[in-house]
Amino acid sequence: MATLQIREALRRAMTEEMRRDERVYLMGEEVAFYDGAYKVSQGMLKEFGEKRIIDTPIAENGFSGIAIGSAMAGLRPIVELMTWNFSLVAYDQIINNAAKIFQMSGGQYPVPIVFRGPTGAAENLGSQHSMSLEGIYAHFPGLKVVSVGTAADAYGLLKSAIRDDNPVCFMESEMLYGLKGEVPDEEHLIPLGKADIKRKGTDVVLVTWNKQIHTCLAAAEQLEKEGISAMVLDLRTIRPLDEEALFTAAAACRRVVVVQEGYPFAGVGAEISARVHEACFDSLDAPILRVTNRDINQPYATNLEQLVMPNATRVIEAARHVCHRAR
Amino acid sequence: MADGQTPPAPNSEAPTRPQLTEWYRMMLLIRRVEELAAKAYTQKKILGFCHLYIGQEAVAVGSAAALTPDDYVVTAYRDHGQIMSRGVSPRAMMAELFGRSPGVSHGIGGSMHLSSREHNFFGGYGIVGGHIPLAAGAAFAAKYRGDGRVALCYFGDGAAQQGAFFEAMAMAQLWKLPVVFLCENNYYAMGTSLERQSYLIDMSQRGDGVGMKRWQFPGFDVVEVYENVRRAVDHARSGAGPVILEAVTYRYRGHSMSDPAKYRKDGELDSFRAKDCIKNAEARLLALGANAEELTRLQGEVDAEAQDAYDFADKAPIPDPATLYDYVYAPEAPAAAPGTEGGR
Numbered sequence: 458m459a460t461l462q463i464r465e466a467l468r469r470a471m472t473e474e475m476r477r478d479e480r481v482y483l484m485g486e487e488v489a490f491y492d493g494a495y496k497v498s499q500g501m502l503k504e505f506g507e508k509r510i511i512d513t514p515i516a517e518n519g520f521s522g523i524a525i526g527s528a529m530a531g532l533r534p535i536v537e538l539m540t541w542n543f544s545l546v547a548y549d550q551i552i553n554n555a556a557k558i559f560q561m562s563g564g565q566y567p568v569p570i571v572f573r574g575p576t577g578a579a580e581n582l583g584s585q586h587s588m589s590l591e592g593i594y595a596h597f598p599g600l601k602v603v604s605v606g607t608a609a610d611a612y613g614l615l616k617s618a619i620r621d622d623n624p625v626c627f628m629e630s631e632m633l634y635g636l637k638g639e640v641p642d643e644e645h646l647i648p649l650g651k652a653d654i655k656r657k658g659t660d661v662v663l664v665t666w667n668k669q670i671h672t673c674l675a676a677a678e679q680l681e682k683e684g685i686s687a688m689v690l691d692l693r694t695i696r697p698l699d700e701e702a703l704f705t706a707a708a709a710c711r712r713v714v715v716v717q718e719g720y721p722f723a724g725v726g727a728e729i730s731a732r733v734h735e736a737c738f739d740s741l742d743a744p745i746l747r748v749t750n751r752d753i754n755q756p757y758a759t760n761l762e763q764l765v766m767p768n769a770t771r772v773i774e775a776a777r778h779v780c781h782r783a784r
Numbered sequence: 008m009a010d011g012q013t014p015p016a017p018n019s020e021a022p023t024r025p026q027l028t029e030w031y032r033m034m035l036l037i038r039r040v041e042e043l044a045a046k047a048y049t050q051k052k053i054l055g056f057c058h059l060y061i062g063q064e065a066v067a068v069g070s071a072a073a074l075t076p077d078d079y080v081v082t083a084y085r086d087h088g089q090i091m092s093r094g095v096s097p098r099a100m101m102a103e104l105f106g107r108s109p110g111v112s113h114g115i116g117g118s119m120h121l122s123s124r125e126h127n128f129f130g131g132y133g134i135v136g137g138h139i140p141l142a143a144g145a146a147f148a149a150k151y152r153g154d155g156r157v158a159l160c161y162f163g164d165g166a167a168q169q170g171a172f173f174e175a176m177a178m179a180q181l182w183k184l185p186v187v188f189l190c191e192n193n194y195y196a197m198g199t200s201l202e203r204q205s206y207l208i209d210m211s212q213r214g215d216g217v218g219m220k221r222w223q224f225p226g227f228d229v230v231e232v233y234e235n236v237r238r239a240v241d242h243a244r245s246g247a248g249p250v251i252l253e254a255v256t257y258r259y260r261g262h263s264m265s266d267p268a269k270y271r272k273d274g275e276l277d278s279f280r281a282k283d284c285i286k287n288a289e290a291r292l293l294a295l296g297a298n299a300e301e302l303t304r305l306q307g308e309v310d311a312e313a314q315d316a317y318d319f320a321d322k323a324p325i326p327d328p329a330t331l332y333d334y335v336y337a338p339e340a341p342a343a344a345p346g347t348e349g350g351r
């Protein structure tokens, strides 16, 4: 086992896949000569050259569309979005083209492409740079959506995403790029669509992904001291959703809290809550609660921003509530 | 004239009589098939949106003649003529319009989303301008592999206002991608006339902003279209970079079947019908020694082929409901050895 930062795990995944398959290339703003806005692609220009590590102009809609067209013509692009916030100007390409072309063409044109970059808030980045956008991509059939929070998952899932013949929205976190974790020395692929139990528990399951895994692990530790055994279920892939793991955990723990960053209204947490209620109603001892961003755009000031975000205290309160331990 | 606006010298022979006959036949076939599509639409056999190409046939046929079968084609929703000029059978095209299973996209695409991988026809797209980056992407792949292919992108004067178009042009020129952007300026963006929706009325001038080679030509004569597009394709294939062209053309019908086109000026349609591309090709054929009987026979064959496509589509099976989810996601990738050009 090697201990890698998440950015290093992502880089290792891309580098191995580019050595393995010359159709794979990396395109995005500042990925080459700047070594990546968050240094994920550091050193890759040196190994692969300008043909395969491609700096783009600041034109997300255009270069996303170019990458999609190249995928239809047989290449396997990785598009780095400096953040998913900027993907909104490329939304038409990702939704109307990448997600739909395989079906619209009656199965003639697969679009093997990965769009990847950080999602969610960092710190004090204000309203336009702090969004979590899993929900608005998971909404669409034809896309797969992965959102990772550990180095091993970043490595194993990115490799699978690059080999997938479908468009994959791969979401990371600015706050976690430096987080270290163990990654297997040998090549290791994690299939898309498989959740992972990050902590075992029996009284309540905290369903989460990406940065909030770590909020939930901290909350679970505190809850343990109060006599509440909390499972932390990391979905890892939002679409396709691992319903089997989700329903098994919900039925076993009988109480569910979904912990997500991002807006609550029509968010991923709402979808999970609906599905678990529909499938597991008889097994549940309490209505499912959601801990999300407050329903507001991100303010800049530190104290206000902290009020908006999920945190361990809010997770603990929700867990106590569903376990009928409210104080 | 600035250097960027000078078409390269022609490097192709004038078309032979058999070539011109084939182009004439294809233009006529597109028109007859679309006339039957219009009929089928009024019969409610074709549903949804149906955008006819009638009047613009010289552009699709002349430009397709300038390509090799390996080249890529991307277009918008007015795509019936372009997919047929690429060699897709009228039967497979019409069956798609009817929403039937033997259609090019198994009845899933419909009129606006015709595609054929076998013909390197990436498809018709319904978001105005959204398809243009795909063509630059196909050209990117061609350059990446160094396989000598060119991508041809059709779009209208309406799409020439979209951001996706400007971004695609900027990167195509920056990276010298082998792509030809061919604007079919048919004078109307849906119902808004050219001068009411654009300050510049020659869309090839959009190329000046990114330093791209560009010129405009009349799109009413298939030979003239061929010669102009051929020069642009040769330029792109040589590695010298992309070209943006504008073909001046005109659609005789409304934007779609639901548009009676009442916004036209008096006499406008007749003035363009006087320049009709099919009549022009007839005149050229007669000048090359074809006789009227020959043309009449050809017209009869084309009428029969168009009617055959209609009959085929009308009798074709509807899609099997069991296939509903078949193409939402591509299946697991085969374990084929990577590192090659790949099958796509």
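Going down the list, the sequences are from chains A and B. First residue of the first sequence? That's 458 in my numbering, and the numbers climb one at a time after it. First residue of the second sequence? That's 8 in my numbering, and the numbers climb one at a time after it. Ideal placement from N, C-alpha and C gives every residue a C-beta, glycine not left out.
In summary, Ile325(B) is exposed, with fewer than 16 beta-carbon neighbours lying within 10 Å of its beta-carbon over all protein chains present. Using a CB distance cut-off of 7 Å, Asp699(A) does not count as an interface residue toward chain B.
Counting only Cβ-Cβ distances below 9 Å, Leu663(A) has no contacts in chain B at all, with the closest Cβ about 29 Å away. When Cβ-Cβ separations below 7 Å define contact, Met561(A) makes contact with chain B. The DSSP assignment places complete beta strand (DSSP E) segments of no fewer than 3 residues inside the segment 654-702 of chain A at 661-665, 687-691, 694-696, in order along the chain. Uninterrupted beta strand (DSSP E) stretches at least 3 residues long and entirely within the segment 565-609 of chain A occur at 571-575, 601-604, given in chain order.
Here Ala299(B) has Leu293 as same chain residues with Cβ atoms under 8 Å from its own Cβ, once five neighbours each way along the sequence are excluded.
Gln306(B) has its alpha-carbon roughly 19 Å from the corresponding atom of Lys46(B). In the DSSP secondary-structure assignment, Thr199(B) is bridged to Ala196(B).
Among the CB atoms of chain B, none fall inside 7 Å of the CB of Leu614(A). Membership of Thr759(A) in the alpha helix (DSSP H) is indicated by the continuous run 759-765. Listed in chain order, the non-local C-beta contacts of Met458(A) below 8 Å within the same chain comprise Glu639, Val640, Pro641, Asp642, local neighbours out to five positions each way being set aside. Non-local beta-carbon contacts of Glu517(A) in its own chain, meaning distances under 6 Å to residues more than five positions away in sequence, involve Phe543, Val546, Ala547 in chain order. At a cut-off of 7 Å between C-beta atoms, Gly519(A) counts as an interface residue with respect to chain B.
Fewer than three pairs of CB atoms, one per stretch, sit closer than 8 Å, so the segment 237-249 of chain B makes no contact with the segment 79-93 of chain B.
The C-beta of Ile37(B) comes no closer than 7 Å to any C-beta of chain A. Within the same chain, and ignoring the five residues on either side of Leu746(A) in sequence, the residues whose Cβ sits closer than 7 Å to its Cβ are Val714, Ala775, His778, Val779.
When the beta-carbon positions are compared, Val568(A) and Ile558(A) come within less than 7 Å of each other. Contact check for Leu680(A) against Cys673(A) fails: the beta carbons are separated by 7 Å or more. Residue contact check for Met471(A) against chain B: no CB pair falls below 7 Å.
For the set Val689(A), Ala579(A), Ile619(A), Gly606(A), the Cα lying nearest the Cα of Lys668(A) is the one of Gly606(A).
Per DSSP, Val309(B) lies in no beta strand (DSSP E) segment; the continuous alpha helix (DSSP H) that holds it begins and ends at 299-322. In the DSSP assignment, Pro140(B) falls outside any beta strand (DSSP E) and lies within the alpha helix (DSSP H) extending over 139-152. Taking 7 Å as the threshold, the shortest C-beta distance from Ser630(A) to chain B does not fall below it. By the neighbour-count criterion, in which a residue is buried when 16 or more other Cβ atoms sit within 10 angstroms of its Cβ, Gly69(B) is buried. By the Cβ neighbour-count rule, Glu301(B) is exposed, with fewer than 16 other Cβ atoms within 10 Å of its own.
For Gln223(B), the uninterrupted beta strand (DSSP E) segment begins and ends at 220-225.
At a cut-off of 7 Å between beta carbons, Gly55(B) makes no contact with chain A. Its Cα nearest to that of Leu532(A), the residue Ala145(B) stands out among Leu184(B), Ala145(B), Met264(B).
By the neighbour-count definition (other C-beta atoms within 10 Å, threshold 16), Arg203(B) is an exposed residue. Residue contact check for Leu104(B) against chain A: no CB pair falls below 7 Å.
At a cut-off of 7 Å between C-beta atoms, Ile551(A) does not count as an interface residue with respect to chain B. Excluding sequence positions up to five before and after Lys183(B), its CB lies within less than 8 Å of the CB of Lys150, Gly246, Ala247, Gly248, Pro249, all in the same chain and listed in chain order.
Taking 9 Å as the upper bound on Cβ-Cβ separation, chain A lies near residues Leu181, Trp182, Leu184 of the segment 180-212 of chain B. Among the residues facing chain B, Ser527(A) is included, as its CB has a counterpart in that chain under 7 Å away. Taking all protein chains in view, the Cβ of Glu629(A) is crowded by 16 or more other Cβ atoms within 10 Å, so the residue is classified as buried.
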